[in-house]
Amino acid sequence: MSKLKILVADDDRITLSVIALGLRKAAYEVVTAMNGEDAVRLGRTEKPDLAILDVRMPGVFGIEAARRLRREADVDCIFLSAYANMELVELAIKEGALGYLVKPVNSTQLIPAVKAALERSAELRRLHENEVSLTHAIETNREISVAIGIYMERFDMEQKEAVEALRAIARPQRRKLVDVAQELIQAGREKS
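Counting with our numbering, you get residues 6 to 197 for the letters of the sequence shown.
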């Protein structure tokens with residue numbers, strides 16, 4: 006199994022090296038950046054499992070970098086800050102932060118936060134995949150239901166008979182019922 010990859014971005018070299026060292030000791034692969042622009046670039050190319058971003062970096066602000074990482078590379082983030090300012094914390098939460106750590110950060114604080122964020126990130130991905138799958142299933146069922154309705158009306162059949170008629174078309178051709186349904190719906194649209 007490959008190591009999980011963490012992107013760390015902070016403009017303070019000491020903080021960056023301490024965090025990177027702690028993560029490497031905990032068996033993570035680490036990619037580092039000293040500013041938000043490099044963090045976004047590395048996020049796109051390196052595809053990390055998580056990013057840890059300083060909120061206040063030169064150039065691209067950490068929260069903007071997180072927004073771009075999520076949009077362009079599908080990477081979730083934990084924020085670091087020297088400030089426990091509630092406005093910053095609320096902004097970070099609004100932007101989907103999986104954690105917010107106040108500097109100075111040591112490995113005792115960092116590793117549990119990283120583990121929790123990685124688990125939460127994986128859970129969010131599973132939920133998104135389930136949502137996509139469910140949306141597809143609903144759309145597929147809707148198309149099949151419409152096709153059954155068309156068949157019932159066109160051939161004056163009961164629902165069960167219409168379902169069997171559509172299956173009788175699909176089976177010998179080894180086609181999915183939804184494909185036959187889509188074809189029937191499209192033919193109905195072209196006649197209109």
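Glycine included, each C-beta is placed from N, C-alpha and C at the ideal position. In this text the structure is predicted, and so the values were computed from the model without any measurement.
Check	Outcome
Three-state class that DSSP yields for Lys-10 in the structure shown	strand
Rounded distance between the beta-carbons of Val-80 and Ile-68, thought under 8 Å	Incorrect: roughly 14 Å between the Cβ atoms, too far for contact.
Among Asp-43, Glu-42, Leu-103, Glu-34, nearest to Pro-53 - alpha-carbon criterion	Glu-34
Contact between the region 34 to 44 and the region 85 to 102 (3+ Cβ pairs under 8 Å)	no
Tyr-156, DSSP secondary structure in three states	helix
Residues near Leu-96 in its chain [Cβ-Cβ closer than 8 Å; skip 5 each side]	Ile-68
Residue range of the alpha helix (DSSP H) that includes Asp-54	First-last for Asp-54: undefined, no H or E at that position.
Ala-118 versus Gly-104: straight-line alpha-carbon distance, rounded	7 Å
Per-residue burial, Thr-37 [other beta carbons within 10 Å of its own, 16 or more giving buried]	buried
Best match in Ala-122, Leu-106, Ala-121, Ala-71 for proximity to Lys-99 [C-alpha to C-alpha]	Ala-71
Option nearest Pro-109 by Cα separation, candidates Leu-9, Asp-15, Thr-20	Thr-20
Whole beta strand (DSSP E) elements within the region 102 to 143, 3-residue minimum	105 to 107
Top-ranked residue by Cα proximity to Leu-182, from Glu-148, Val-23, Gln-191, Leu-132	Glu-148
CB of Ala-116 within 9 Å of CB of Ala-31, strictly	Checking the sequence shown, residue 116 turns out to be Ile, not Ala. Closer than 9 Å, so yes.
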